[in-house]
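There are 2 protein chains.
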Amino acid sequence: MSAKLKALDQNQAIEMGKSCVCFITRRAARCITQFYDEMLRPVDLRSTQLILLNSIRILGSVSIKRLAKAVVMDRSALARNLKPLDKQGLIRIERGEDLRERVVTLTKLGLEKATEAFPLWEKAQAEVQNKLGREGLDTLFASLSGVVLLTRKK
Amino acid sequence: MSAKLKALDQNQAIEMGKSCVCFITRRAARCITQFYDEMLRPVDLRSTQLILLNSIRILGSVSIKRLAKAVVMDRSALARNLKPLDKQGLIRIERGEDLRERVVTLTKLGLEKATEAFPLWEKAQAEVQNKLGREGLDTLFASLSGVVLLTRKK
DNA sequence: TAAGATTAGGGGTATATGCCCCTATATGTC
DNA sequence: GACATATAGGGGCATATACCCCTAATCTTA
Chain X
143 MSAKLKALDQ
153 NQAIEMGKSC
163 VCFITRRAAR
173 CITQFYDEML
183 RPVDLRSTQL
193 ILLNSIRILG
203 SVSIKRLAKA
213 VVMDRSALAR
223 NLKPLDKQGL
233 IRIERGEDLR
243 ERVVTLTKLG
253 LEKATEAFPL
263 WEKAQAEVQN
273 KLGREGLDTL
283 FASLSGVVLL
293 TRKK
Chain U
143 MSAKLKALDQ
153 NQAIEMGKSC
163 VCFITRRAAR
173 CITQFYDEML
183 RPVDLRSTQL
193 ILLNSIRILG
203 SVSIKRLAKA
213 VVMDRSALAR
223 NLKPLDKQGL
233 IRIERGEDLR
243 ERVVTLTKLG
253 LEKATEAFPL
263 WEKAQAEVQN
273 KLGREGLDTL
283 FASLSGVVLL
293 TRKK
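Here it is, written out as structure tokens:
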């Protein structure tokens, strides 16, 4: 801080509060996460966890690195998020052929869990879709996907 | 789990992976947060922290409860998020007239910090806006605001 | 093939976030 | 004014998330 700046005024503050993409996106993520979490409570899974189980279901046996890339998440954060799933026996984590790698696999129990969760997810999804309308949902997706692609490194 | 369900198949899994509003929103929030965080690094503030400082700047002295409502966040989560700001002397937390309340106020240092951060925020914001286009940004806002309003309790 | 470069993960540290339950304080009612 | 109720926060617990740095394993190249 070299030159003395004119202090942030109320108008600037309001502009930031109203238009900040980071704020609005995080806020929405909080709300939506709570909503899905609530819907998933009967099967004792958080939405974040279902997302991971489902991603593993899609990818099959997959390294941490590749899974992290698929869900666009920091590797070490992902590794930590996998721990509760491992502890509950929903996934298995083993050394890969390449000994540097850890390979993550869905267990039988994990597949069952995802299977139970699916209809609940569908219901949550349907409600949100209902509220936003088909069109609203499409534009939301387009915007958010755009954001991911454009701010993502590498 | 009473009746035996048919196991989640690949198509269902892919549908969930592609269309889950929770997933896509969280993913976008992660990316955008990283982007803003990086831009704000020179002033040693995280985007979440700037959002809070700015909200306090707008509201003036404000109780935890009211601030939480303003940013649509869990009270206790918010209280915790305020701690690092308090520790750095950017805000002050005092008992209110109503002794149940804690009143949060921006300090001189906090205002300075927000002031320094503002141009960096503007730059980040401009870049995102640039990428999405004015229109894209507007629809994004409309959708995400809609989501917040509709999933919010009370 | 041995030395250097690259890659995959893990651990440390810090923050962000929510739920539940407990305590302190107010408020409202008889 | 005493008691029931409602409200504001705090603490415990668990998870989510990122960055940095370290180690182990693999790959590249002289």
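Those protein sequences? They're chains X and U, same order as listed. According to the working numbering, the first sequence is numbered sequentially starting from 143. According to the working numbering, the second sequence is numbered sequentially starting from 143. Ideal placement from N, C-alpha and C gives every residue a C-beta, glycine not left out.
*Excluding five sequence neighbours on each side, which residues of the same chain lie with their C-beta closer than 6 Å to the C-beta of A210/U?*
For this step, residue 210/U is matched to residue 68 along the second sequence. Only R217, L220 meet the Cβ criterion.
*For V289/U, which three-state DSSP category applies?*
Taking the second sequence and counting its residues from 1, one reaches residue 289/U at position 147. V289/U falls in the helix class under three-state DSSP.
_Contact criterion: CB-CB distance below 8 Å. Does S285/X meet it with respect to chain U?_
As a position in the first sequence, residue 285/X is number 143, starting the count at 1. Proximity of S285/X to chain U, defined by a Cβ-Cβ separation below 8 Å, is satisfied.
*Can R199/X and L253/X be called in contact, C-beta distance under 8 Å?*
Taking the first residue of the first sequence as position 1, residue 199/X is located at position 57. Taking the first residue of the first sequence as position 1, residue 253/X is located at position 111. In contact: R199/X and L253/X (Cβ atoms closer than 8 Å).
*Which partner residues does I233/U have in the DSSP bridge list?*
On the second sequence, position 91 is the one that residue 233/U refers to. Looking at the DSSP assignment, I233/U forms a beta bridge with L248/U.
*Going by CA-CA distance only, name the one from L201/U, L187/U, R183/U, I174/U that's closest to E269/U.*
Start at 1 with the first residue of the second sequence, and residue 269/U comes out as number 127. The option with the nearest alpha carbon to E269/U is I174/U.
*Beta-carbon separation of A256/X and L150/U under 8 Å?*
Walking along the first sequence from the start, residue 256/X turns up at place 114. Walking along the second sequence from the start, residue 150/U turns up at place 8. Taking C-beta atoms as the reference points, A256/X and L150/U count as a pair closer than 8 Å.
_Please report whether the beta-carbon of R236/X lies at a distance below 8 Å from any beta-carbon of chain U._
Translated into positions along the first sequence, residue 236/X becomes position 94. For the sequence presented, residue 236/X should be read as Glu rather than Arg. Not an interface residue.
*Thinking A170/U and L194/X are a contact (beta carbons under 8 Å), I'd like their distance in whole angstroms, please.*
Your numbering for residue 170/U matches position 28 in the second sequence. Your numbering for residue 194/X matches position 52 in the first sequence. Taking 8 Å as the upper bound for CB-CB distance, A170/U and L194/X are not in contact here, some 17 Å apart.
*What residues from chain U crowd round S218/X, counting only those whose CB sits closer than 9 Å?*
Walking along the first sequence from the start, residue 218/X turns up at place 76. In chain U, no part has a C-beta under 9 Å from the C-beta of S218/X; the shortest such distance is about 14 Å.
*Is V214/X helix, strand or coil when you go by DSSP?*
On the first sequence, residue 214/X is found 72 positions in, with the first residue counted as 1. Collapsing the DSSP output to three states places V214/X in coil.
*Tell me, please, whether the region 273-284 of chain X touches the region 181-192 of chain X by the rule of three or more beta-carbon pairs shorter than 8 Å.*
The answer is no - the region 181-192 of chain X does not touch the region 273-284 of chain X, with fewer than three Cβ pairs under 8 Å.
*Bridge partner(s) assigned by DSSP for S197/U*: Numbered from its first residue, the second sequence carries residue 197/U at position 55. Under DSSP, S197/U shares a beta bridge with no residue.
*asked:* In whole angstroms, give me the CA-to-CA distance for T281/X and I166/U.
replied: Position 139 of the first sequence, counted from the start, is the residue given in the question as residue 281/X. Position 24 of the second sequence, counted from the start, is the residue given in the question as residue 166/U. Each residue's alpha carbon lies about 12 Å from the other.
*So is Q152/X buried or exposed if we call it buried at 16+ other beta carbons inside 10 Å?*
As a first step, residue 152/X is located in the first sequence; it is residue number 10 there, counting from the start. Exposed is the call here.
*Segment limits, alpha helix (DSSP H) that includes L182/X*: Numbered from its first residue, the first sequence carries residue 182/X at position 40. Note, L182/X: alpha helix (DSSP H), 163-182.
*asked:* Given a cut-off of 8 Å on the beta-carbon distance, is the pair L262/X and M158/X in contact?
replied: The sequence position of residue 262/X within the first sequence is 120, counting from 1. The sequence position of residue 158/X within the first sequence is 16, counting from 1. Contact flag unset, no.
_Excluding the 5 residues flanking I337/U on each side, which residues of the same chain have their C-beta closer than 7 Å to its C-beta?_
Nothing can be reported for residue 337/U, as the shown portion of chain U is limited to 143 through 296.
*asked:* Considering Cα atoms alone, identify which of Q154/X, K160/X, D179/X, C162/X is closest to K265/X.
replied: As a working mapping, residue 265/X is identified with position 123 in the first sequence. With distances taken between Cα atoms, K265/X lies closest to D179/X.
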